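Novice: In our numbering, the protein residues as written are 742 to 1070.
From the three backbone atoms N, C-alpha and C, an ideal C-beta is built for every residue, glycine too.
Nothing here was measured: the structure is a model prediction, and the numbers come from that model.
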Ligand code: SAM
Ligand code: SF4
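1. Please output, in chain order, the residues near the ligand SF4 using a CB cut-off of less than 7 angstroms to any non-hydrogen atom of the ligand.
2. How about the stretch 854-873 and the stretch 887-906: do they share at least three Cβ pairs that are nearer than 8 angstroms?
3. State the start and end residues of the unbroken beta strand (DSSP E) segment that holds residue 1022.
4. Using a Cβ-based criterion (distance less than 8 angstroms to any ligand heavy atom), does residue 901 qualify as near the ligand MN?
5. The alpha helix (DSSP H) spanning residue 881 covers which residue range?
6. Could you give the DSSP three-state label for residue 902: helix, strand or coil?
7. Curious, which full-length beta strand (DSSP E) runs of at least 3 residues does the stretch 797-835 contain?
8. Taking the alpha helix (DSSP H) that residue 919 falls in, what are its first and last residues?
9. Over what stretch of residues does the alpha helix (DSSP H) that includes residue 1039 continue unbroken?
10. Per DSSP, which residues does residue 929 bridge with? Please list them.
11. Using C-beta distances below 8 angstroms, list every residue in its chain close to residue 926, excluding the 5 sequence neighbours before and after it, in chain order.
12. From 1019, 1048, 931 and 973, pick the residue whose C-alpha is nearest to that of residue 1037; which is it?
13. Smallest Cα separation from residue 778: which of 912, 879 and 1005?
14. Are at least three pairs of beta-carbons, each pair with one atom in the stretch 776-793 and one in the stretch 933-947, less than 8 angstroms apart?
15. Quick check: does the Cβ of residue 940 come within less than 8 angstroms of any heavy atom belonging to the ligand SAM?
16. Can you have a look at residue 845 and say buried or exposed, based on whether 16 or more other CB atoms are within 10 angstroms of its CB?
17. Run the CB neighbour count on residue 924, radius 10 Å, all protein chains shown included, and call it buried at 16 or more, exposed below.
18. If you compare alpha carbons, which of 934, 1040 and 1012 is closest to residue 772?
19. Taking 9 angstroms as the threshold (C-beta atoms), are residue 1030 and residue 789 in contact?
20. One question on the structure: do residue 837 and residue 803 come within less than 9 angstroms of each other, judged by their Cβ atoms?
21. Is residue 815 near the ligand SAM, judged by its Cβ being under 8 angstroms from some heavy atom?
22. Please report the straight-line C-alpha distance between residue 830 and residue 850, rounded to a whole angstrom.
23. Under 9 angstroms between the Cβ atoms of residue 873 and residue 907?
24. Should residue 952 go down as buried or exposed, given a rule of 16 or more other Cβ atoms within 10 Å for buried?
25. I'd like the list of long-range same chain contacts for residue 1054, defined as Cβ closer than 7 angstroms, with 5 residues on each side in sequence excluded.
26. Between residue 934 and the ligand SAM, is there a pair consisting of the residue's CB and a ligand heavy atom that are separated by less than 8 angstroms?
27. Alpha carbon to alpha carbon, how far is residue 1027 from residue 962? Give it in angstroms, no decimals.
28. Closest to residue 809 by CA distance: which of 890, 974, 757 and 914 is it?
29. Rounded C-beta distance between residue 696 and residue 911? I'm assuming under 8 angstroms.
30. With a 10 Å radius around its C-beta and 16 neighbouring C-beta atoms as the bar for buried, classify residue 932 as buried or exposed.
31. Using DSSP's beta-bridge definition, name the partner residues of residue 895.
32. For residue 1072, which residues in the same chain have their Cβ closer than 6 angstroms to its Cβ, ignoring the five residues on either side in sequence?
33. Out of curiosity, what's the CA-to-CA distance linking residue 871 and residue 865?
And the structure:
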């Protein structure tokens, strides 16, 4: 799959549910209306769609959400998709999770061929964690992280940097990740979805974070590219890596190799644009995978050059109405 700008699409992120057992302040409002079941693809439909993308050249698949591990039967999907790892059609099957259910699933994930997981963790302070996630329990996530480590999964921590909320937690998080041997990725808040508050208050440019971190740590630029939008530095004191994802201050679209599928079968060719393709109706109207493949090709031919996020300081409105939990980040 090659888009109109010559970029090869080899990475599919799939949001398997819009539901979640947390209500992170930057991601969701406290009261959310979730999709009715009929609109959500069944596990079999998700499998068929993912397999169609793999047949068309996707080499890396990431399950996300909402919280992927709260989707009932999720392990059935993971186990089924792992056949593409065995056949060599897929290089990597991975997931992004809040970690709350990992203690239950870590072993089975590893057994199904999952090698790495991204775990979202914005602070190591239990009180701050409860405030940021509204419904989360840090000790449960820590148990999940321990279980993932014990199962041999490689762990990357995702941390959303928020002004006045967790900016003081970044340095301790770097030290902790260094001790545990985890990579860390810092993410700028993106203006997606109504969260029932003004996000510009918490917007923290990572250029500032980096400058501040450089006062306490020796940071060396490295050229590591994990196929994602993060730029990495090595922390000489810990030997660990920190990635910076800066959609707001730095455009990473030139090298974009990914598309995003929602749990309703809507394909977004760009995280920051509204244009999408409805693959669910194609999927439900025909058993023929050739029809599905043609619909995927047509969608890829519409992949836009890039996004144009702006956090508008005069308005608290999001740049896009949909929440991150719809497209999975
Ligand atoms: N529930 C899982 C989790 O939290 O890891 C997977 C889905 S979550 C939407 C994926 C990632 O998006 C998380 O790392 C989360 O911190 C991040 N995220 C959510 N809303 C965001 C926003 N508005 N700006 C930046 N990152 C966001
Ligand atoms: Fe749930 Fe992840 Fe969104 Fe937090 S960031 S509310 S854990 S989907």
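Specialist: According to the data block:
1. 761, 763, 764, 765, 768, 769, 806, 807, 808, 839, 861, 874, 1065 and 1066
2. yes
3. Residue 1022 -> not in any beta strand (DSSP E); alpha helix (DSSP H) instead, spanning 1020-1026.
4. As for the ligand MN, it is missing from this structure, which binds only the ligand SAM and the ligand SF4.
5. 879-891
6. strand
7. 801-805
8. 911-921
9. 1030-1041
10. 902
11. 859, 897, 898, 899, 900, 971, 983, 984, 985 and 986
12. 1019
13. 1005
14. no
15. yes
16. exposed
17. buried
18. 934
19. yes
20. yes
21. no
22. 19 angstroms
23. yes
24. exposed
25. Annotation note: pLDDT 49 at residue 1054 (below 50); position unreliable, coordinate value reported separately. Closer than 7 angstroms at the Cβ level, and outside the excluded window around residue 1054, lie 941.
26. yes
27. 50 angstroms
28. 757
29. Past the edges of the chain, shown from 742 to 1070, lies residue 696, and the structure says nothing about it.
30. buried
31. 857
32. Because the chain in this structure spans residues 742 to 1070, residue 1072 falls outside the shown range and cannot be described.
33. 10 angstroms
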